[in-house]
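Visitor: Below is one structure. I have some questions about it.
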Amino acid sequence: MIQPVADIAVIGLAIMYQTLILNDYKFVFCTYFIIGALFTLWFIKRSFSGVSIRKKSSSPYDEVQDNLPTAQAVQDYCFYIEENYRRDCVICLEKDLFCTFRHDTHKNYNLGEMVTIYNYNGTRSYITRVRFICEQLDFIILKSDEKMEKVPALSQDFITAEPLLLCGRSDITGELTYSKGSIRTSRLQYFSDGIVEKGPFLLGDIHAIPGDSGGAVFSTSGLIGMNVGSIRFSCNPDDDVIMCAAHFKVVNCMVRSTDLLYGINFVKNQDSPPRPKNYPRPPIIDFDGKILTGC
């Protein structure tokens, strides 16, 4: 800032000398024109340098993630099944494909069985069929003949401590409920009852409760998975009072979108199997009266 002021002062003294001593008005006019041009260029450079030319800080606090989606932005992807006066979560994955959990009340679903689902507020219903069942990852793929207008973006990558939004139905009314948390660890978790191993699941710290199974879980970049359960505080049967009084962090388990894509692709390949390649026919050679087929 000091250097431009000094330069202008020197030019001003030169103008006074030319005007008062030499009476050179042409020099004065040209000098004023040059000063105006230089000042304009300096002002433009100063204005833009404050916006775009800025040294990037290496502080980790400068890395700001995008915001989580709002309830209004994701509610159109949240459907439900209504059975026995309860609403079970269903997620729209593609225009005609949906997913829900396999355990509990959905354990008796069979391939080809018809299931009625409803949009987030129950104003519309759709007939779907069970097209794929994955016992190991605890999810079911449903397919509808009617196509939806809106589908979520599937986020296939995740970062430890990334913020999450769970859209469940744990409220007694069955309406959509929303809970926030984050990805707990980058390591995927397997569970075993000694006979059957299930997983791998993504772990978060969302306080999921009954009714949130099958709920859509969104990150800042899209649908990251489906909630299927939680790991709770372990205690003895006599410790119910402690269980009620304790405040502890629940670990929730999620099926990743990448694993849900496996079910989607399985259904698509069944409906439209890839065409066999048209290989060129091998040449037929007549060798001394013998017909030989080339390979």
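Numbering (my numbering), first residue to last: 5 to 299.
Every residue, glycine too, gets a C-beta built ideally from N, C-alpha and C.
Remember, predicted model here, so these are calculated numbers, not experimental data.
Let me know the beta strand (DSSP E) ranges lying completely inside the region 142 to 185, each 3 residues or longer, listed in chain order.
Guide: Runs found: 143 to 148 and 167 to 172.
Visitor: CA-CA distance, R128 and L207?
Guide: Indexing the sequence shown from 1 puts residue 128 at position 124. Indexing the sequence shown from 1 puts residue 207 at position 203. Roughly 33 angstroms between the two C-alpha positions.
Visitor: According to the neighbour-count rule (16 or more other Cβ atoms, all chains shown, within 10 Å of its Cβ), is N112 buried or exposed?
Guide: As a first step, residue 112 is located in the sequence shown; it is residue number 108 there, counting from the start. Exposed is the call here.
Visitor: Apart from the five residues just before and just after I268, which ones in its own chain have a Cβ nearer than 8 angstroms to its Cβ?
Guide: For the purposes of this step, residue 268 is taken as the residue at position 264 of the sequence shown. Closer than 8 angstroms at the Cβ level, and outside the excluded window around I268, lie L97, E98, L101 and I145.
Visitor: Can you confirm whether P214, when its beta carbon is compared against all beta carbons of chain C, has any partner nearer than 8 angstroms?
Guide: Among the chains of the structure shown, chain C does not appear; only one protein chain is present.
Visitor: Can you tell me whether DSSP reads D92 as helix, strand or coil?
Guide: For the purposes of this step, residue 92 is taken as residue 88 along the sequence shown, with counting starting at 1. Looking at D92 - three-state DSSP - the assignment turns out to be strand.
Visitor: Could you work out which residue in S276, L227 and I235 is closest to T262 when comparing CA atoms only?
Guide: Taking the first residue of the sequence shown as position 1, residue 262 is located at position 258. Selected option, being the one with the closest Cα: L227.
Visitor: Let me know the secondary structure DSSP gives V254 once reduced to three states.
Guide: Indexing the sequence shown from 1 puts residue 254 at position 250. Looking at V254 - three-state DSSP - the assignment turns out to be coil, as it is neither helix nor strand.
Visitor: With a 10 Å radius around its C-beta and 16 neighbouring C-beta atoms as the bar for buried, classify D142 as buried or exposed.
Guide: Along the sequence shown, read from residue 1 onward, the residue named residue 142 stands at position 138. Buried is the call here.
Visitor: On the DSSP letters alone, give me the boundaries of the alpha helix (DSSP H) that L265 sits inside.
Guide: Here residue 265 corresponds to residue number 261 of the sequence shown, with the count starting at 1. Here the alpha helix (DSSP H) through L265 covers S261 to D275.
Visitor: Using 8 angstroms for Cβ pairs, my map puts S234 next to V254. What's the rounded Cβ distance?
Guide: The residue you call residue 234 lines up with position 230 of the sequence shown. The residue you call residue 254 lines up with position 250 of the sequence shown. Rounded, the Cβ-Cβ distance is 5 angstroms, consistent with contact.
Visitor: Pairs of beta-carbons, one from the region 196 to 206 and one from the region 165 to 178, closer than 8 angstroms: are there three or more?
Guide: Counting Cβ pairs under 8 angstroms, fewer than three are found: no touch.
Visitor: Using 10 angstroms around the beta-carbon of K60, count the other beta-carbons present and answer buried if the total reaches 16, otherwise exposed.
Guide: Reading the sequence shown from its first residue, position 56 is the one you call residue 60. With a pLDDT of 48 at K60, under the threshold of 50, the predicted position of this residue should be treated as unreliable, though the coordinate-derived value follows. By the 10 Å Cβ count, K60 comes out exposed.
Visitor: Might you give, ordered along the chain, the residues of its own chain that have their beta carbon closer than 8 angstroms to the beta carbon of A75, omitting 5 neighbours on each side?
Guide: The residue you call residue 75 lines up with position 71 of the sequence shown. Closer than 8 angstroms at Cβ, skipping near neighbours: C171, L180 and Y182.
Visitor: Give me whichever residues DSSP pairs with L227 in a beta bridge.
Guide: What you label residue 227 is simply residue 223 of the sequence shown in a count that begins at 1. Bridge partners of L227: L158 and F222.
Visitor: Of the residues Y81, P156 and H107, which one's Cα is nearest the Cα of Y122?
Guide: The count along the sequence shown starts at 1 and reaches residue 122 at position 118. The candidate whose alpha carbon is nearest that of Y122 is Y81.
Visitor: Comparing alpha-carbon positions, which option in S190, S217 and K272 lies nearest F162?
Guide: Position 158 of the sequence shown, counted from the first residue, corresponds to residue 162. Ranking the options by Cα distance to F162, first place goes to S190.
Visitor: Using the Cβ count rule (16 or more neighbours within 10 Å means buried), how would you classify Y130?
Guide: Locating residue 130 in the sequence shown gives position 126, counting from the first residue. So Y130 ends up on the buried side.
Visitor: If distances are taken between C-alpha atoms only, which option among Q140, R188, Y89 and E166 comes closest to Y266?
Guide: Position 262 of the sequence shown, counted from the start, is the residue given in the question as residue 266. For Y266, the nearest C-alpha among the options comes from Q140.
Visitor: Measuring CB to CB, does G310 end up less than 8 angstroms from C93?
Guide: No answer is possible for residue 310: the residues shown for the chain start at 5 and end at 299.
Visitor: Given this structure, state the Cα-to-Cα distance separating Y89 from G178, to the nearest angstrom.
Guide: In the sequence shown, counting from the first residue as 1, residue 89 sits at position 85. In the sequence shown, counting from the first residue as 1, residue 178 sits at position 174. Computed Cα separation, rounded: 9 angstroms.
Visitor: I'd like the span of the beta strand (DSSP E) that includes V200, first residue to last.
Guide: Residue 200 sits at position 196 when you count from the first residue of the sequence shown. Segment: none, V200 is in no beta strand (DSSP E) and carries neither H nor E.
Visitor: Would DSSP call T44 helix, strand or coil?
Guide: Position 40 of the sequence shown, counting from 1, holds the residue named residue 44. In the structure shown, T44 sits in a helix (DSSP, three-state: H, G or I).
Visitor: Residues bridged to Q76 by DSSP?
Guide: What you label residue 76 is simply residue 72 of the sequence shown in a count that begins at 1. Q76 is not bridged to any residue.
Visitor: If you draw a straight line from the C-alpha of T224 to the C-alpha of E153, how long is it?
Guide: Translated into positions along the sequence shown, residue 224 becomes position 220. Translated into positions along the sequence shown, residue 153 becomes position 149. Cα to Cα, the separation comes out at about 22 angstroms.
Visitor: Output the boundary residues of the beta strand (DSSP E) element that contains S217.
Guide: Taking the first residue of the sequence shown as position 1, residue 217 is located at position 213. From DSSP, S217 is part of no beta strand (DSSP E); its letter is neither H nor E.
Visitor: Give me, in chain order, the residues of the same chain whose beta-carbon lies closer than 6 angstroms to that of F136; leave out the 5 immediate sequence neighbours on both sides.
Guide: Here residue 136 is taken as the residue at index 132 of the sequence shown, counted from 1. So the qualifying residues of the chain are I145, G267, F270 and V271.
Visitor: What does DSSP give as the partner residues of E86 in its beta bridges?
Guide: To locate residue 86, count along the sequence shown from 1; it is residue 82. DSSP, once it has assigned bridges, lists R91 as partnering E86.
Visitor: Are the beta-carbon atoms belonging to V221 and F105 less than 8 angstroms from one another?
Guide: Sequence index remark: in the sequence shown, residue 221 carries index 217 (1-based). Sequence index remark: in the sequence shown, residue 105 carries index 101 (1-based). In this structure, F105 does not lie closer than 8 angstroms to V221 by Cβ.
Visitor: To the nearest whole angstrom, what separates the beta carbons of Q193 and C138, a pair I think is in contact under 8 angstroms?
Guide: Walking along the sequence shown from the start, residue 193 turns up at place 189. Walking along the sequence shown from the start, residue 138 turns up at place 134. The pair is not a contact, with the Cβ atoms about 16 angstroms apart (cut-off 8 angstroms).
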